Every structure is written in structure tokens, then in C-alpha cells.
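Numbering (the working numbering), first residue to last: 4 to 243.
Glycine included, every Cβ here is placed at the ideal spot set by N, Cα and C.
Just so it is clear, the structure is predicted and the values come from calculations on it, not from any experiment.
These notes concern the structure reproduced below.
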Ligand SMILES: *Cc1c(COP(=O)(O)O)cnc(C)c1O
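Take a look at the structure:
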């Protein structure tokens, strides 16, 4: 038996196993198979070598918040068959690079962005997968559309063949008690079910991060976005 230095941070496979166990446990509690849930590794603020280490363990989907940082990583890792998700706030002058280099964009919250992404997605590429970000808490400063804007935005995405409407994304404010956290995710799931009723191809509810993935899964999330608990603390400064 090896003696472990307890202050040493866990290896990538240990972190991945531990997240997968948490996902499996929550899926089991929600009486569904773990294949109903996708894991997005949020690699913002993490070095390329850490992404490569997770890719070696068969993690394929990665999320980035900042365009320049994301583009550098996409380029550095272009030899690997990875799926890249843009999950940060979108300025309209950044849409072209998102449309040309990412597979998914999860943070779409206004029509102007939809129009630009559609115009700028190269015809030679498969449709860009789109999630509409909704601000479920109605917080003033936060990104995301209000719940009553979802349907109009969804329609704007669905009309455009080079975009593919996949569902919703949200980042609810943290609650201290798990039942309160589950309640807000259930409210989000209600919005998702309404969207699915109008757009039967919708299959993705992106909800849950390192601290609240269990609550999100119990409320019906189909994709969790995990940064810190998968990679350890972010090491690089974030740049808007
Ligand atoms: C940073 C970030 C995450 C990951 O957060 P952790 O708490 O590090 O797991 C997930 N989603 C979005 C949109 C983020 O910006």
C-alpha cells in the first residue's frame, strides 16, 4: 500500500471518478440511468495540459467562457476529437469566432446574437447546437433571458437551418438548503418541459455545477457543467 500525501491534489482520474460517482448516485436517486446525463468539463482558467489529461481519460466535451482563451485551446488541441461549448456571456462582435470554431453555444439570450450566429455559421459545418440561457431568478445583473422570452428566442433559432435548438441553460443563484436549490431547478425544468412540448427535438437541460449538481440532477438536468471539482482550483486569471 502506498502512503498518500494528503495535501497533494487528486490526480485527474481520481477527480473524474469522483464526479462520475456523484452523477451516478444522483441519477440512481432520480431513478434513471447515468447515460441520461452528459458531463461538460468546464476548462476556463485551466491549462491545456489538464484538458489533455481529461481527454486521455475519454472526456470529450469541454466548456469555455472567454473567447480568446477558448480559441487558443481549440487550436492547441485540434488533433483530438473534442466537442467545444461556449458558455460565457456573448458580445456581438464575438459571434463570428464562436460560429466558426465551437460546436455548441449555451449562452444565447437575445435575438441579435441568434441572427449573427446564423449568418456567420459556415455552410460547410454541421448546424451549431444552441441552448437558450434563462435567468430563472430574475436577477438584474445576470445574463439570460426572462422566462417569458424563451419561446420567441426558441422560434428564432428553430427557423434557421444552420442552428439547431437543443434546449435551455441556467445558472441559478446558490441556495443554502438543498430543498430550495432543488425547487429552483424544478422551476427551470418546468420551463424546459414547455419548450419541449413546442419543439419535440429539444433534448438538453444544462443545469448543475460543482456545488449543486445533485440538486440539478434530482430536478431533471441532462447536462452538468463541472469546473472546479473536475480540475481543481482555476489557475489562470480570467479575462473578459
Ligand atoms: C465556471 C462555470 C461553470 C463551472 O463552475 P464550477 O463551480 O467551477 O464547477 C459552469 N457553468 C458556467 C456557465 C460557468 O461559467
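With a cut-off of 8 Å on Cβ pairs, the region 178-185 is not in contact with the region 137-149, counting fewer than three such pairs.
Using a cutoff of 7 Å, the CB of residue 232 counts as near ligand 1, since one of the ligand's heavy atoms is closer than that. Note on geometry: alpha-carbon atoms of residue 86 and residue 104 lie some 10 Å from one another. With a beta-carbon spacing of about 11 Å, residue 95 and residue 117 fall beyond the 8 Å limit used to define contacts. Here the region 190-204 does not lie against the region 231-240, with fewer than 3 beta-carbon pairs under 8 Å apart. When only Cα atoms are considered, residue 233 and residue 15 end up about 7 Å apart.
Closest in alpha carbon position to residue 168, among 187, 229, 125 and 120, is 120. No Cβ-Cβ contact shorter than 8 Å links residue 216 with residue 35. Residue range 41-45 is occupied by the beta strand (DSSP E) that includes residue 45, with no alpha helix (DSSP H) assigned at that position.
Under DSSP, the beta-bridge partners assigned to residue 167 are 132.
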